[in-house]
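Here the sequence shown stands for residues 359 to 535, where the numbers follow my numbering.
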Amino acid sequence: MSDLMTTKEAAEYLKLNYMTIYKLSQRGRIPASKIGGNWRFRKDLLDDWLAKQATVVEGNVLVVDDDPAMVEMLNEVISRKGFKVVGAGSGEQALEELEKQHFDLIFLDLVLPGMSGVEALSAIKEKDKKAVVVIVTGYGDDPIAMDAMSLGPLFLIRKPFRVSDIVEVLNAVVRVR
Numbered sequence: 359m360s361d362l363m364t365t366k367e368a369a370e371y372l373k374l375n376y377m378t379i380y381k382l383s384q385r386g387r388i389p390a391s392k393i394g395g396n397w398r399f400r401k402d403l404l405d406d407w408l409a410k411q412a413t414v415v416e417g418n419v420l421v422v423d424d425d426p427a428m429v430e431m432l433n434e435v436i437s438r439k440g441f442k443v444v445g446a447g448s449g450e451q452a453l454e455e456l457e458k459q460h461f462d463l464i465f466l467d468l469v470l471p472g473m474s475g476v477e478a479l480s481a482i483k484e485k486d487k488k489a490v491v492v493i494v495t496g497y498g499d500d501p502i503a504m505d506a507m508s509l510g511p512l513f514l515i516r517k518p519f520r521v522s523d524i525v526e527v528l529n530a531v532v533r534v535r
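If you want it as C-alpha cells, here you go:
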C-alpha cells in the first residue's frame, strides 16, 4: 500500500471539498506532488500543514492519560499550536496540576488507574464549572462515556483519532473563548 493519497483521499482525510484541495495544490498552498499528471499527498506532511493552519491564542492545556505515548503525541500536536502543555498520568495527578494553575482546555482519558476518568471529570467540574474538557476514549458508545457526557458540555474524541480532530477541537475552543 502506498504512503501517498489521491486528491479525493486527501479531501476526505482533511474533511475539505475535493476542489478546495485541488486548487490549494495548484497554488502551492498545500504540500503536494504531481505524479503522472495527478496530485499526490503524504499524510505526515498534511498533518504538519494542518497543524500550522489554525491560529490560536496561547493558553494552558492539561493532557490526562495513563499512556505516556498518547500524552507525548498530544503534547507535540497541541504545543505546535502555541499552547503550553502539562501531562498527567492519573486523575489524582490531574487534580494536583489543577491546584497549581488554571487550564484553558483539558484532554481527559476515561480509563485511568485509580480514580476513573468520570470521577476525575466530576472533581474537575467541581473545581471549575467552566472547565472545557475533551474526553479522549476508545469507548465512545460505552456507558462510561455516557456518564461523562452527563456531567456537562464537553467534546468527545474517539480513539484512534486523527491530528485533524485535535486541531478542530483547538480551533473550536479558540472560537468560543
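Ideal Cβ positions, reconstructed from N, Cα and C, are used throughout, including at glycine.
Bear in mind the structure is a predicted one, so any value in this text is a computation, not a measurement.
Subject >> residue 470 versus 462, 496 and 490, residue with shortest Cα-Cα distance >> reply: With distances taken between Cα atoms, residue 470 lies closest to 496.
**OP:** Would you decide whether residue 427 is buried or exposed? Buried here means 16 or more other CB atoms lie within 10 Å of its CB.
**Re:** By the neighbour-count criterion, in which a residue is buried when 16 or more other Cβ atoms sit within 10 angstroms of its Cβ, residue 427 is exposed.
**OP:** Can you check DSSP and say which residues form a bridge with residue 467?
**Re:** In the DSSP assignment, the residues bridged to residue 467 are 494.
Original post:
Per DSSP, what kind of secondary structure is residue 445 in: helix, strand or coil?
Top reply: For residue 445, the three-state secondary structure derived from DSSP is strand.
Subject >> Local conformation of residue 433 per DSSP, three classes >> reply: Residue 433 sits in a helix when the DSSP states are folded into three classes.
**OP:** Give me whichever residues DSSP pairs with residue 363 in a beta bridge.
**Re:** DSSP, once it has assigned bridges, lists 399 as partnering residue 363.
**OP:** Give the C-beta separation of residue 466 and residue 422 to the nearest angstrom, bearing in mind that I take them to be a contact with Cβ-Cβ under 8 angstroms.
**Re:** With a Cβ gap of about 5 angstroms, residue 466 and residue 422 count as contacting.
Subject >> Same chain, Cβ closer than 7 angstroms to residue 489, five either side skipped, listed in chain order >> reply: For residue 489, where only same-chain residues beyond five positions count, the Cβ hits under 7 angstroms are 464, 482 and 483.
**OP:** Starting from residue 393, trace the beta strand (DSSP E) both ways and give me its first and last residue.
**Re:** Its beta strand (DSSP E) spans residues 391-393.
Subject >> Residues near residue 453 by beta carbon distance below 6 angstroms, same chain, minus five either side >> reply: Closer than 6 angstroms at Cβ, skipping near neighbours: 481.
Subject >> First through last residue of the beta strand (DSSP E) which encompasses residue 512 >> reply: Per DSSP, residue 512 belongs to no beta strand (DSSP E) and is neither H nor E.
Original post:
Among residues of its own chain, excluding the 5 on either side of residue 478, which ones have a beta-carbon nearer than 6 angstroms to its beta-carbon?
Top reply: Cβ within range, chain order: 449 and 452.
**OP:** Return the residue from the list 370, 444, 458 and 462 that minimises the CA-CA distance to residue 529.
**Re:** With respect to the C-alpha of residue 529, the residue from 370, 444, 458 and 462 having the closest C-alpha is 462.
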